[in-house]
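Engineer: I have a structure I would like to understand better, so I am pasting it below and will then ask my questions one at a time.
Numbering (our numbering), first residue to last: 55 to 278.
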């Protein structure tokens with residue numbers, strides 16, 4: 055009988071330990087879920103005189119509760135924004151970053167994609183109210199792919215226009231390095247070089263030119 059009671063106690067203790075571990079695991083999971091559900095707002099206006107109230111109003115109208123807001127009063131053309139950097143450093147995996155529109159986060163497609171990619175690398179979702187854009191949805195991911203295609207197209211077009219411009223400039227003789235004039239006492243310096251009174255390095259330094267250009271001048275003198 056003593057053995058049976060002892061066995062019952064051991065079994066009960068075993069069940070108690072299992073229940074405790076299950077409860078601890080459950081609370082840790084719930085705690086992680088709570089931590090992962092932070093809604094972060096990023097609002098920006100170009101100057102200190104402009105008001106961010108409209109952007110906050112848009113969040114309220116959509117019923118979005120923001121746990122933390124980063125408010126910026128600086129132009130979007132500058133990627134080095136203190137509140138933007140603070141927001142990226144603050145967010146954790148599972149967070150959602152809410153913006154009123156793309157333009158609040160970046161001024162061009164390339165910068166926007168870079169920021170979205172940087173946040174996605176941290177496991178953070180980006181939601182834009184105006185464009186109805188959410189990177190956690192299939193539609194949002196499709197939009198990112200579409201924007202990547204546009205950005206690549208824009209880069210290709212810029213390269214093509216640059217190449218065309220260079221070709222036209224070359225054809226018109228405008229795309230060439232400026233000619234460096236020889237100093238007024240070049241003949242005198244060149245004679246000193248021929249008589250070994252000056253080394254090539256000394257002569258180049260006196261003329262303020264590179265040695266490759268110096269050798270070109272010397273070749274011209276010999277051929278002239």
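Cβ atoms here follow ideal geometry from the backbone N, Cα and C, with glycine treated the same way.
Measuring straight from C-alpha to C-alpha, what distance separates residue 275 and residue 226?
Structural biologist: Each residue's Cα considered, the two are about 29 Å apart.
Engineer: Contact between the segment 163–171 and the segment 185–203: three or more CB pairs below 8 Å?
Structural biologist: With the cut-off at 8 Å, the segment 163–171 and the segment 185–203 touch.
Engineer: Look at residue 110 and residue 97 and say whether their C-beta atoms are less than 9 Å apart.
Structural biologist: Yes, Cβ-Cβ distance for residue 110 and residue 97 is below 9 Å.
Engineer: Give every residue of the same chain whose Cβ lies closer than 7 Å to the Cβ of residue 258, excluding the five residues on either side of it in the sequence, and list them in chain order.
Structural biologist: Result list for residue 258: 264, 265, 268, in chain order.
Engineer: With a 10 Å radius around its C-beta and 16 neighbouring C-beta atoms as the bar for buried, classify residue 191 as buried or exposed.
Structural biologist: Result: exposed.
Engineer: Can you give the Cα-Cα distance for residue 156 and residue 142, rounded to whole angstroms?
Structural biologist: If I take the Cα positions, the gap works out to 16 Å.
Engineer: Looking at the strands, I want to know which residues DSSP matches up with residue 124.
Structural biologist: In DSSP, residue 124 forms a bridge with 96.
Engineer: Using only alpha-carbon positions, find the residue among 160, 162, 161, 153 that is nearest to residue 179.
Structural biologist: Checking every option, the nearest Cα to that of residue 179 belongs to 153.
Engineer: Can you tell me which of the three DSSP states residue 263 falls into?
Structural biologist: In the structure shown, residue 263 sits in coil (DSSP, three-state: anything other than H, G, I, E or B).
Engineer: Using CA coordinates, which residue listed in 117, 149, 246, 144 is at the minimum distance from residue 91?
Structural biologist: When each option's Cα is compared against that of residue 91, the closest is 149.
Engineer: Leaving aside the five residues before and after residue 247 along the sequence, list all residues of the same chain whose C-beta is less than 6 Å from its C-beta, in chain order.
Structural biologist: These residues qualify, in order along the chain: 257.
Engineer: Does the separation of the CB atoms of residue 121 and residue 94 fall below 9 Å?
Structural biologist: Yes, the pair counts as a contact, with Cβ atoms nearer than the cut-off.
Engineer: Where do the ends of the alpha helix (DSSP H) carrying residue 170 lie?
Structural biologist: Per DSSP, residue 170 belongs to the alpha helix (DSSP H) from 163–175.
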